[in-house]
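Data block below; observations after.
There are 2 protein chains.
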Amino acid sequence: MNTELIYLDHAAATPIDPRVLAVMQPFFSDDFYNPSSPYSPAVNVRRAYDEAKHTLAQVIGAKPDEIVVTAGATESINLAFNGITGHVVVPAIEHHAVLAAAKLHDHTIVDVDERGLVSPDSIKKAIRPDTCLVSVAIANNELGTTQPLRDIAAVIKNEREARLERGDKTPIYFHTDASQGVGQIDINVARLGVDMLTLNSGKMYGPKQVGLLWAASNITLTPLIVGGGQERGLRSGTENVAGTVGFAKALSLATEHRKFESERLTGLRDSLQQKLFDAFPDAIFSGHHKHRLAGHLHISFPGLDGERLVFTLENRGVLVATGSACAANKGTRSHVLVAIGLAPEVADGSLRLTLGHLSTEENTAHAGDIIVEEVRREYARIQS
Amino acid sequence: MNTELIYLDHAAATPIDPRVLAVMQPFFSDDFYNPSSPYSPAVNVRRAYDEAKHTLAQVIGAKPDEIVVTAGATESINLAFNGITGHVVVPAIEHHAVLAAAKLHDHTIVDVDERGLVSPDSIKKAIRPDTCLVSVAIANNELGTTQPLRDIAAVIKNEREARLERGDKTPIYFHTDASQGVGQIDINVARLGVDMLTLNSGKMYGPKQVGLLWAASNITLTPLIVGGGQERGLRSGTENVAGTVGFAKALSLATEHRKFESERLTGLRDSLQQKLFDAFPDAIFSGHHKHRLAGHLHISFPGLDGERLVFTLENRGVLVATGSACAANKGTRSHVLVAIGLAPEVADGSLRLTLGHLSTEENTAHAGDIIVEEVRREYARIQS
Numbered sequence: 001m002n003t004e005l006i007y008l009d010h011a012a013a014t015p016i017d018p019r020v021l022a023v024m025q026p027f028f029s030d031d032f033y034n035p036s037s038p039y040s041p042a043v044n045v046r047r048a049y050d051e052a053k054h055t056l057a058q059v060i061g062a063k064p065d066e067i068v069v070t071a072g073a074t075e076s077i078n079l080a081f082n083g084i085t086g087h088v089v090v091p092a093i094e095h096h097a098v099l100a101a102a103k104l105h106d107h108t109i110v111d112v113d114e115r116g117l118v119s120p121d122s123i124k125k126a127i128r129p130d131t132c133l134v135s136v137a138i139a140n141n142e143l144g145t146t147q148p149l150r151d152i153a154a155v156i157k158n159e160r161e162a163r164l165e166r167g168d169k170t171p172i173y174f175h176t177d178a179s180q181g182v183g184q185i186d187i188n189v190a191r192l193g194v195d196m197l198t199l200n201s202g203k204m205y206g207p208k209q210v211g212l213l214w215a216a217s218n219i220t221l222t223p224l225i226v227g228g229g230q231e232r233g234l235r236s237g238t239e240n241v242a243g244t245v246g247f248a249k250a251l252s253l254a255t256e257h258r259k260f261e262s263e264r265l266t267g268l269r270d271s272l273q274q275k276l277f278d279a280f281p282d283a284i285f286s287g288h289h290k291h292r293l294a295g296h297l298h299i300s301f302p303g304l305d306g307e308r309l310v311f312t313l314e315n316r317g318v319l320v321a322t323g324s325a326c327a328a329n330k331g332t333r334s335h336v337l338v339a340i341g342l343a344p345e346v347a348d349g350s351l352r353l354t355l356g357h358l359s360t361e362e363n364t365a366h367a368g369d370i371i372v373e374e375v376r377r378e379y380a381r382i383q384s
Numbered sequence: 385m386n387t388e389l390i391y392l393d394h395a396a397a398t399p400i401d402p403r404v405l406a407v408m409q410p411f412f413s414d415d416f417y418n419p420s421s422p423y424s425p426a427v428n429v430r431r432a433y434d435e436a437k438h439t440l441a442q443v444i445g446a447k448p449d450e451i452v453v454t455a456g457a458t459e460s461i462n463l464a465f466n467g468i469t470g471h472v473v474v475p476a477i478e479h480h481a482v483l484a485a486a487k488l489h490d491h492t493i494v495d496v497d498e499r500g501l502v503s504p505d506s507i508k509k510a511i512r513p514d515t516c517l518v519s520v521a522i523a524n525n526e527l528g529t530t531q532p533l534r535d536i537a538a539v540i541k542n543e544r545e546a547r548l549e550r551g552d553k554t555p556i557y558f559h560t561d562a563s564q565g566v567g568q569i570d571i572n573v574a575r576l577g578v579d580m581l582t583l584n585s586g587k588m589y590g591p592k593q594v595g596l597l598w599a600a601s602n603i604t605l606t607p608l609i610v611g612g613g614q615e616r617g618l619r620s621g622t623e624n625v626a627g628t629v630g631f632a633k634a635l636s637l638a639t640e641h642r643k644f645e646s647e648r649l650t651g652l653r654d655s656l657q658q659k660l661f662d663a664f665p666d667a668i669f670s671g672h673h674k675h676r677l678a679g680h681l682h683i684s685f686p687g688l689d690g691e692r693l694v695f696t697l698e699n700r701g702v703l704v705a706t707g708s709a710c711a712a713n714k715g716t717r718s719h720v721l722v723a724i725g726l727a728p729e730v731a732d733g734s735l736r737l738t739l740g741h742l743s744t745e746e747n748t749a750h751a752g753d754i755i756v757e758e759v760r761r762e763y764a765r766i767q768s
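So the protein sequences, as listed, match chains A and B.
Just so it is clear: in the first sequence, position 96 is 96 by my numbering, and no numbers are missing.
Just so it is clear: in the second sequence, position 87 is 471 by my numbering, and no numbers are missing.
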């Protein structure tokens with residue numbers, strides 16, 4: 001990218017890390033073989049693919065044959081929901097992919113609090129005797145709020161045990177969309193207590209159009225895409241070797257540097273937050289102060305037009321989002337901000353600032369100064 | 385790849401053309417933005433994506449908004465079949481993806497002749513009043529036999545008109561899987577007479593894990609993957625910008641050089657064919673002598689073990705296939721060879737030799753000599 005630009009939209013997309021691209025390159029034009037071909041150069045490609053899946057599994061604390069590599073988080077989420085025959089429970093602030101997949105089933109949408117927190121108790125109340133799936137994202141992509149997955153997992157475990165006790169064999173599973181926050185929070189599936197987990201390579205400095213669904217070995221998935229029988233019959237089509245090798249490298253790097261990077265981003269983010277609230281004491285903070293992704297800051301300037309701000313900031317070289325990229329593109333108000341009860345005049349003046357690899361102390365401070373100037377100018381403009 | 389190897393398996397996988405990789409590179413780490421983001425660097429990414437779709441559409445004689453970019457041919461095929469509620473008709477030699485998708489519906493599998501040719505009359509006989517979809521691959525991936533799509537399209541058009549005349553509104557569509565043969569045969573959708581067409585970037589020197597489904601504008605597809613509403617709601621998930629830009633370049637190159645490349649490959653293939661049949665007059669040719677992909681040669685050596693031959697040839701640096709890569713990997717006999725009625729002892733001694741960009745006059749001639757030597761050695765071995 002243009003080095004004069006300051007990118008504060010890491011939650012929308014991340015560049016491929018050069019170290020990731022380096023491990024992918026051989027598979028583009030040299031080791032291009034079909035991993036199902038029998039000769040040894042193809043067998044080597046298969047081995048590289050299998051090793052990448054092994055790495056992906058290892059990082060999340062799972063087994064390779066519990067992982068289905070997909071073309072991204074949206075496909076993974078659809079796959080997780082595909083075999084479900086009963087009722088599903090999802091919070092109102094889930095990504096559109098989860099909401100859309102849920103709406104293909106009998107579903108209950110659970111409210112969240114004003115910080116975007118999903119309470120385990122609200123999940124408990126929404127669970128019915130025929131509930132088969134609860135899906136809660138590990139972190140919200142607009143607010144950055146991270147969810148108490150372990151506590152929600154305990155609710156689901158209790159329900160499962162209660163069903164077993166009364167001889168009811170209706171299964172109930174817990175899926176999390178962990179697309180946001182890899183490299184900032186722990187995604188070990190056992191520690192999270194989930195049964196299924198979705199990851200998105202394109203949000204962690206890996207190649208786009210690659211993702212995975214992990215499903216515990218007791219879960220029977222129903223394929224969305226049938227054919228040659230790849231991925232144990234759960235996702236047919238020639239395997240994405242370059243993409244999967246890159247994904248594995250990206251996930252390894254993200255996990256390896258998680259502690260350092262979270263602390264670094266928290267520091268940068270907190271300084272930015274301080275600067276903006278010092279300048280605008282009436283600005284509204286959204287999200288959870290404590291349970292939040294390290295790089296995330298959601299701030300609203302009541303009365304201003306967030307979309308206009310995005311463009312004035314772009315003119316100054318600062319790239320920010322108003323909400324999620326999807327919603328922004330459609331010109332509709334973010335369903336997340338509606339769900340947390342943000343007043344329309346506040347919601348419409350929102351910026352989502354997300355820091356990441358491209359953020360430095362210097363460019364974050366500089367961006368903060370520019371945002372202060374532009375927000376001041378906008379307030380002056382509308383008051384004149 | 386190792387330049388000492390001679391690759392005769394272009395139907396299984398193709399390397400990314402350096403010109404294709406060159407147009408993809410900027411989108412990996414520089415222009416990595418989410419095409420749905422509002423700032424201008426992202427809008428430029430969106431524009432590149434739209435231009436690539438425009439190119440894809442133009443090459444096949446369609447409109448950009450009739451195209452859904454997918455993660456490959458298998459997904460495209462599944463999408464084509466997904467909305468179908470009635471009966472479907474497919475030939476017995478279709479790719480596993482088509483057969484598996486068909487089997488999710490009430491279906492009729494149509495026989496082919498010993499050359500792998502699908503007769504329009506057999507399709508006509510299989511069509512029932514509730515038939516909604518006929519799917520015939522433009523060329524078979526094992527035999528290379530190309531199908532009389534225009535004549536089959538005429539059968540379907542007749543059926544459609546007959547239904548209209550009697551006031552029957554049951555739709556009937558014609559889909560072709562054109563994964564094989566791009567760059568060797570014409571894929572203009574109007575000239576083919578099809579209603580839906582699947583393409584696979586990974587088989588035409590483009591990036592893997594990218595494909596498309598073209599569907600005429602009167603067709604209502606049912607999405608396999610729901611969410612953010614990308615691709616007009618027909619395939620959600622962040623768009624694969626690098627992949628689609630590469631796919632468009634690959635398709636353009638393939639079409640541009642089609643005439644020259646087909647003639648070149650036909651020449652090489654015919655020399656190879658001549659050499660092998662001169663040396664082994666009892667070898668069995670499969671496929672259609674005339675209606676066949678330029679680079680394709682299917683030959684069987686009765687009594688020999690094709691899988692063993694693959695390995696002895698690999699030891700001599702020649703990479704060939706026994707059948708389709710999928711079937712080879714499972715150790716089962718090819719359903720295509722069963723369908724054309726090849727005797728088991730002939731089928732088991734089969735090689736599929738597919739030429740392409742990596743084939744030269746010199747390396748093809750050299751490969752031919754090596755195949756002759758190794759087949760001779762194998763016959764000597766089993767006769768001793």
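The beta carbon of each residue, even a glycine, is placed where N, CA and C say it ideally should be.
Looking at the C-beta of B/His750, does it have a partner C-beta in chain A at a distance below 8 Å?
No, its Cβ sits nowhere closer than 8 Å to a Cβ of chain A.
Since A/Leu213 contacts B/Leu608 with CB under 8 Å, what's their CB separation in whole angstroms?
With a contact defined as Cβ atoms closer than 8 Å, A/Leu213 and B/Leu608 miss out at about 15 Å.
Closer than 7 Å by beta-carbon distance: list the chain B residues that pair up with A/Gln209, in chain order.
Ala455, Gln593, Asn624, Gly627
Considering only the alpha carbon of each residue, which of A/Ser271, A/Ile340, A/Glu378 lies closest to A/Gly303?
A/Glu378
Would DSSP call B/Pro475 helix, strand or coil?
strand
Shorter than 8 Å from the beta carbon of A/Ala325 to some beta carbon of chain B?
Low confidence applies to A/Ala325: its pLDDT is 49, below 50, so where it sits in the model is not reliable, and the reading given next is rough at best. Yes, A/Ala325 counts as interfacial toward chain B.
For B/Phe412, would you say it is in contact with chain A, using Cβ-to-Cβ distances shorter than 8 Å as the test?
yes
My guess is that A/His288 and A/Gly116 are in contact by the Cβ rule of under 8 Å, so how many angstroms apart are they, rounded?
That belief holds up - the Cβ atoms of A/His288 and A/Gly116 are roughly 7 Å apart, short of 8 Å.
Got a sec: is the Cβ-Cβ distance from A/Ala22 to anything in chain B below 8 Å?
no
Please state if the CB of A/Leu297 and the CB of A/Gln274 are separated by a distance shorter than 8 Å.
no
Whole angstroms is fine: what's the gap from B/Ala709's alpha carbon to A/Ser350's?
Residue confidence is low: B/Ala709 scores 49 on pLDDT, short of 50, so the model does not pin down where it sits. Its coordinate-derived value is still stated next. Between the alpha carbons of B/Ala709 and A/Ser350 lies a distance of about 52 Å.
Look up A/Arg352 in the DSSP assignment and say whether it is helix, strand or coil.
strand
I'd like to know whether the C-beta of A/Ala48 is nearer than 8 Å to at least one C-beta of chain C.
No chain C appears in the structure shown, which is made up of the protein chains A and B.
Excluding sequence positions up to five away, which residues of its chain have a Cβ less than 6 Å from the Cβ of B/Gly725?
Glu498
For a contact meaning CB atoms closer than 7 Å, what does B/Val694 contact in chain A?
Going along chain A in sequence order, the residues near B/Val694 (Cβ under 7 Å) are Pro38, Tyr39.
A/Asp195: buried (16+ other C-beta within 10 angstroms of its C-beta) or exposed?
buried
Using the three-state DSSP reduction, which class does B/Arg676 fall into: helix, strand or coil?
strand
Going by the CB atoms, is the gap between B/Leu517 and B/Ile468 shorter than 8 Å?
yes
Answer with yes or no whether the minimum CB distance from B/Ser620 to chain A is below 8 Å.
yes
Compute the distance between the beta-carbons of B/Gly456 and B/Gly595, then report whether it is under 8 Å.
yes
Counting only runs that start and end within the stretch 430 to 505 of chain B, where is the beta strand (DSSP E) found for 3 or more residues in a row?
451 to 454, 471 to 475, 491 to 494
With a 10 Å radius around its C-beta and 16 neighbouring C-beta atoms as the bar for buried, classify A/Val112 as buried or exposed.
buried
What residues in its chain sit with their C-beta under 6 Å from that of B/Gly612, if we drop five residues either side in the sequence?
Ser620
Between A/Gly228 and chain B, is there a C-beta pair that is closer than 8 Å?
yes
Would you give the residue range spanned by the beta strand (DSSP E) that A/Asp282 belongs to?
Element bounds for A/Asp282: n/a, residue is neither H nor E.
Mind checking if A/Gly317 is an interface residue toward chain B, Cβ cutoff 8 Å exclusive?
no
Should B/Gln767 go down as buried or exposed, given a rule of 16 or more other Cβ atoms within 10 Å for buried?
exposed
Please state whether the Cβ-Cβ distance between B/Val474 and B/Ser519 is less than 8 Å.
yes
Rank A/Thr244, A/Arg333, A/Ala279 by C-alpha distance to the C-alpha of A/Pro35 and give the top, closest one.
A/Thr244
Taking 8 Å as the threshold, find out whether the stretch 551 to 571 of chain B comes into contact with the stretch 627 to 645 of chain B through three or more Cβ pairs.
yes
Any beta carbon from chain A within less than 8 Å of B/His480's own beta carbon?
yes
Drop a sphere of 10 angstroms on the beta-carbon of A/Lys125, count the other beta-carbons inside from all chains shown, and report buried for 16 or more, exposed for fewer.
exposed
Does the pairing of the stretch 394 to 409 of chain B with the stretch 579 to 593 of chain B give three or more beta-carbon distances under 8 Å?
yes
Could you check if B/Ser718 is buried or exposed, using at least 16 other CB atoms within 10 Å of its CB as the buried criterion?
buried
Is there at least one Cβ from chain B nearer than 8 Å to A/Phe32's Cβ?
yes
Would you mind telling me which residues of chain A sit closer than 8 Å to B/Ile400, beta carbon to beta carbon, in chain order?
Phe28, Ser29, Phe32
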